[in-house]
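The structure appears right after this line, and notes come after that.
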Amino acid sequence: MAGAPAPKPASATPPPPPRSVPPPPPKPAVPAPKGSSKTIKLRIGRYRPERSAEPFYQEFTIPYRDDMVVLDALNYIKDRIDPTLAYRWSCRMGICGSCGADVEGSPKLTCALYLKDLRKSPVTIEPLANFAVLKDLIVDIEPFMEKLESVNPYIVRGDEKPIERGEYRQTPEELELYRQQSLCINCMLCYAACPVYGHDEKFLGPAASALALRYEMDSRDQGSEERLAAVATSHGIWQCTFVGECSVVCPKHVDPAGAIQQLKARAATRLMRSMLLPLSTR
Amino acid sequence: MERLAYDIVIVGGGAAGLRGAIAAAETSRALRIAIVSKVYPMRSHTVSAEGGTAAVLRDYDSFDSHGFDTVKGSDFLADQDVVEFFVRRAPGEVIQMEHWGCPWSREPDGRVAVRAFGGMSVKRTAFAADKVGFHMLHTLFQTSLKYENIERFDEWFVTQILAEGGKVAGVAALELRSGTIHAIAAKAVILSTGGAGRVYEFTTNGAIKTGDGMALAYRAGAPLKDMEFLQFHPTCLPGTGILITEAARGEGGYLVNNKGERFLKKYVPEKMELGPRDILSRSIIQEIREGRGFDGPYGHYVGLDLRHLGEEVIDRKLPMVRELSEEYAGIDPVHELIPVRPGQHYIMGGVHTDITGSTGMAGLYAAGEAACVSINGANRLGSNSLSECLVFGAEAGRSAAAYALTQGPVGSNPVTALAKAEETRIFDGLLKREGGESLADVRREMQHAMEEHVGIYRSAEALEKALSLLRELRKRFDRVGVRDKDPFFNTELTATLELDFMLDLAEVIANAALLRKESRGAHSRTDYPKRDDANFLAHSMAFRTATGPRYETKPVTITKWPPAARVY
Chain Z
0 MAGAPAPKPA
10 SATPPPPPRS
20 VPPPPPKPAV
30 PAPKGSSKTI
40 KLRIGRYRPE
50 RSAEPFYQEF
60 TIPYRDDMVV
70 LDALNYIKDR
80 IDPTLAYRWS
90 CRMGICGSCG
100 ADVEGSPKLT
110 CALYLKDLRK
120 SPVTIEPLAN
130 FAVLKDLIVD
140 IEPFMEKLES
150 VNPYIVRGDE
160 KPIERGEYRQ
170 TPEELELYRQ
180 QSLCINCMLC
190 YAACPVYGHD
200 EKFLGPAASA
210 LALRYEMDSR
220 DQGSEERLAA
230 VATSHGIWQC
240 TFVGECSVVC
250 PKHVDPAGAI
260 QQLKARAATR
270 LMRSMLLPLS
280 TR
Chain W
0 MERLAYDIVI
10 VGGGAAGLRG
20 AIAAAETSRA
30 LRIAIVSKVY
40 PMRSHTVSAE
50 GGTAAVLRDY
60 DSFDSHGFDT
70 VKGSDFLADQ
80 DVVEFFVRRA
90 PGEVIQMEHW
100 GCPWSREPDG
110 RVAVRAFGGM
120 SVKRTAFAAD
130 KVGFHMLHTL
140 FQTSLKYENI
150 ERFDEWFVTQ
160 ILAEGGKVAG
170 VAALELRSGT
180 IHAIAAKAVI
190 LSTGGAGRVY
200 EFTTNGAIKT
210 GDGMALAYRA
220 GAPLKDMEFL
230 QFHPTCLPGT
240 GILITEAARG
250 EGGYLVNNKG
260 ERFLKKYVPE
270 KMELGPRDIL
280 SRSIIQEIRE
290 GRGFDGPYGH
300 YVGLDLRHLG
310 EEVIDRKLPM
320 VRELSEEYAG
330 IDPVHELIPV
340 RPGQHYIMGG
350 VHTDITGSTG
360 MAGLYAAGEA
370 ACVSINGANR
380 LGSNSLSECL
390 VFGAEAGRSA
400 AAYALTQGPV
410 GSNPVTALAK
420 AEETRIFDGL
430 LKREGGESLA
440 DVRREMQHAM
450 EEHVGIYRSA
460 EALEKALSLL
470 RELRKRFDRV
480 GVRDKDPFFN
490 TELTATLELD
500 FMLDLAEVIA
510 NAALLRKESR
520 GAHSRTDYPK
530 RDDANFLAHS
540 MAFRTATGPR
550 YETKPVTITK
560 WPPAARVY
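Quick note, the sequences are listed as chains Z and W, same order. If you count the first sequence from 1, position 245 lands on 244 in numbering that gives the first Met the number 0, and the numbers rise without skipping. If you count the second sequence from 1, position 413 lands on 412 in numbering that gives the first Met the number 0, and the numbers rise without skipping.
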């Protein structure tokens, strides 16, 4: 649970947010603008619930530099053309996970995508697909936060060693078993790319599953039983059809698709054990 | 207006805030704790810390060694009783993080690994590759989810500390999603909102680091301490200011000038690349001024050379350095020099607290970069800040919990009426304001003034200039109009509130720098180039008045390390 249980005054309650605007049909690429006096067009999917029930597109033309990332373009617009444009960002170095958006129909970190690499104008920027839009590029991530919490994403132990007795030893090889899954920055690009999540918003989804595996594979953890039960529900890992787009778009190479397959194997083993072994030894 | 009530409200959900929340939650299950943050906790700027967390973890090390390194690094301005407490608590905190699942890098035998760091005389910096802040933040955040008595208010922006009779009564907060102001009553409030790097133009800090907690405390009447001390990190990517971790040098990287020389041999021959940050940043500026920098589209820079470390070491120990260099500088450090120059990174000053995290105002606590408990003095050593967030985050959490347990119910306190006034100020004042000034212009000019005149080198003339520019900018701020009139998720409105805070802090920083007529640590006055213990071995304390900051001094606590010349 995050945020307040507080009821809001009716006047401040936004209308139910629509799902993101669908991606526009692909267009032929045009050559990248070159030189310092060039400009580039941005076509931004906007949604202003207090003004209009429908999302719309707005075009902006801004000066172009070869070293501009998409986020620089958004900041240029906000600072110099339209301060009402709403989006999230902070670290601008690909680690805080705030600035995801669909760029040309693909989920991207806007701070880590160079305009020059897109080689086109206008560049279309829209809120992450598959999420409810709150305003302009800001999407509702509360459903994701609930999924993240649901997998018990912490070390569970029956016995807790006193701090004075030092660390739990963990070899570099043991660390390597979960290191990849520990790199998730919760940017949610994988959810925007996931077709299963696209039609079942209750689906646990890629990042939360990868996080479950991260703790499953940690030599310090003893919480496997409950965690596997939490991921193997009717909206859990079995829904994944292994399309693999989540792993393609992941900016940190977490490979959530692979993680879900590993979880399936572990959950299956657990199920077999529970069917084959007498109750007392489970 | 909805009135919420908690025993403890923690403003900010980075390392210090989360550690404080857990410490308070563990003190008593009866305490109800709220973390109120303007971003989801995992977005907090702790996430960008790279290099490591200092603690005495080896037999070859000692508390005295870590303590002395810290005090010497601080140019003897740190409070030594606090430093002694800090170094004793740090190892337990690193181990606690380990028990909570932090993926620390390991020695072959399974112990938490340590690396060398600037100003530390032995290897004592625990690390998780070079994404230490990221891993600590996610570990703390995920662990905090276990505690039923911790609740969160994500994307709620605290605009004011509410107080009655000099005692904390709660906070007023703007819920971004609904665009409404809420009153949150509290017995105790902990400020853990991080630093204020966005006061500067060229900074490693993320967009959210606007010094909110410092300004909130200052406006509530609590003093800010040692605000003249800003750390400029030696190695940032030109253009963006993205940080290249000190661990790159801890693992053996070189700094070179345009002649290919390791120029630090002229400045810090004993320590070379592992000298403290203040001295290294000045050395780089000196080298550039004497014409031995490289030229680039974003000005002059020097080179950080990792090539001799080899691809395997870089990928295993410094993967983020390679990632950032490739993505944001277009170079591969396995084969090329990384272009670097100094940039604002950290503020040693902050909300004054004692060793328990108390600000002196009843019920108000602070921890982490937002606070100045004073282990960093005039210059922080790399990898002490993450340890500080843990040690003093936990301490502030426990202190606030102990205090809250002695207080009666918050039932009768007048927060709703107080927050009503805040609601009027924001929605009838700021939001409706029409004006020709641009928020972004005022902010950009403030950042430029601070960069130009309150940077690595300072002088009375430059600081006076900065103050006069800041006075003008404050007047212009009053004419900034907010164009987005929708209360709901209004990021223009929050940016305006942030700039309001930053203008207060810029004034405090520049004034404090003007008053300190000596050079100490990161504060370098060209007109007063020497340290002056006779007159300035003291903390500065800034109090808000109607006409600007009023300053007092506070003696430095010295226990076992008498001030001596700082030579490396």
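A virtual CB, placed ideally from N, CA and C, is assigned to each residue, including glycine. Every value quoted in this text rests on a predicted model; they were computed, and no experiment measured them.
Look at M540/W here: in three-state DSSP terms it is strand. Contact between R45/Z and A439/W does not hold, since the beta-carbon distance rounds to 19 Å and is not under 8 Å. Contact fails between the segment 187–198 of chain Z and the segment 261–277 of chain Z, because fewer than three Cβ pairs, one in each stretch, are under 8 Å apart. Within its own chain, the residues whose Cβ lies closer than 7 Å to the Cβ of R197/W, once the five positions on either side in sequence are excluded, are N204, A206, K208, T209 and M501, listed in chain order.
By the criterion of a C-beta distance shorter than 7 Å, E250/W is surrounded in its chain by R114, L308, V312, K316 and L317, once the five residues flanking it on both sides are discounted. Annotation: K270/W to E460/W spans about 34 Å, alpha carbon to alpha carbon. Boundaries of the alpha helix (DSSP H) harbouring K146/Z: E141 to S149, taken from the DSSP string. Listed in chain order, the alpha helix (DSSP H) runs fully inside the segment 226–311 of chain W are 246–249 and 276–288, counting runs of at least 4 residues. At least one CB atom of chain W sits nearer than 8 Å to the CB of T170/Z. Collapsing the DSSP output to three states places H452/W in a helix. Look at E387/W here: in three-state DSSP terms it is helix. At a cut-off of 8 Å between beta carbons, S382/W makes no contact with chain Z. Taking a Cβ-Cβ cut-off of 7 Å, M216/Z has no neighbours in chain W, whose nearest Cβ is about 11 Å from it. Per the C-alpha coordinates, the member of A191/Z, A231/Z, M92/Z and K119/Z positioned closest to E322/W is M92/Z.
Annotation: Y63/Z is outside any alpha helix (DSSP H) and is labelled neither H nor E by DSSP. Burial is judged here by how many other beta carbons sit within 10 angstroms of a residue's own beta carbon; S273/Z has fewer than 16 and is exposed. Taking C-beta atoms as the reference points, D254/Z and Q179/Z count as a pair closer than 8 Å. Listed in chain order, the alpha helix (DSSP H) runs fully inside the segment 456–498 of chain W are 459–476, counting runs of at least 4 residues. Per DSSP, reduced to three states, the secondary structure at S36/W is strand. Residue pairing from DSSP places Q159/W in a beta bridge opposite A171/W. For Y75/Z, the uninterrupted alpha helix (DSSP H) segment begins and ends at V69 to R79. Taking CB atoms only, D485/W has a neighbour in chain Z less than 8 Å away.
Here N534/W is exposed: its Cβ has fewer than 16 other Cβ atoms, across all protein chains shown, within 10 Å. In the three-state DSSP reduction, H334/W falls in the coil class, being neither helix nor strand. Using a Cβ-Cβ cut-off of 8 Å, T490/W counts as an interface residue toward chain Z, since at least one Cβ of chain Z sits closer than that to its own. In this chain, the alpha helix (DSSP H) harbouring D68/W covers F62 to G72.
Fewer than three Cβ pairs drawn from the segment 328–336 of chain W and the segment 217–232 of chain W lie within less than 8 Å of each other, which leaves the two stretches out of contact. Taking the Cα positions, G164/W is about 30 Å away from L430/W. In the structure shown, Q95/W adopts helical secondary structure according to DSSP, grouped into three states. Within the same chain, and ignoring the five residues on either side of T239/W in sequence, the residues whose Cβ sits closer than 8 Å to its Cβ are Y327. Counting C-beta pairs closer than 8 Å gives three or more between the segment 462–478 of chain W and the segment 506–513 of chain W, which meets the contact rule. DSSP lists V10/W and A365/W as the beta-bridge partner residues of L190/W. In the DSSP assignment, A267/Z falls within the unbroken alpha helix (DSSP H) covering P255 to L275. Along the segment 87–102 of chain Z, the positions whose C-beta sits under 9 Å from a C-beta of chain W are R87, W88, S89, C90, R91, M92, G93, I94, C95, G96 and S97, read in chain order.
If the five residues before and after T244/W are omitted, its C-beta is found closer than 6 Å to the C-beta atoms of E49, G50 and D129, all from its own chain and listed in chain order. In this structure, A4/W sits away from A171/W, with a CB-CB distance that is not shorter than 8 Å.
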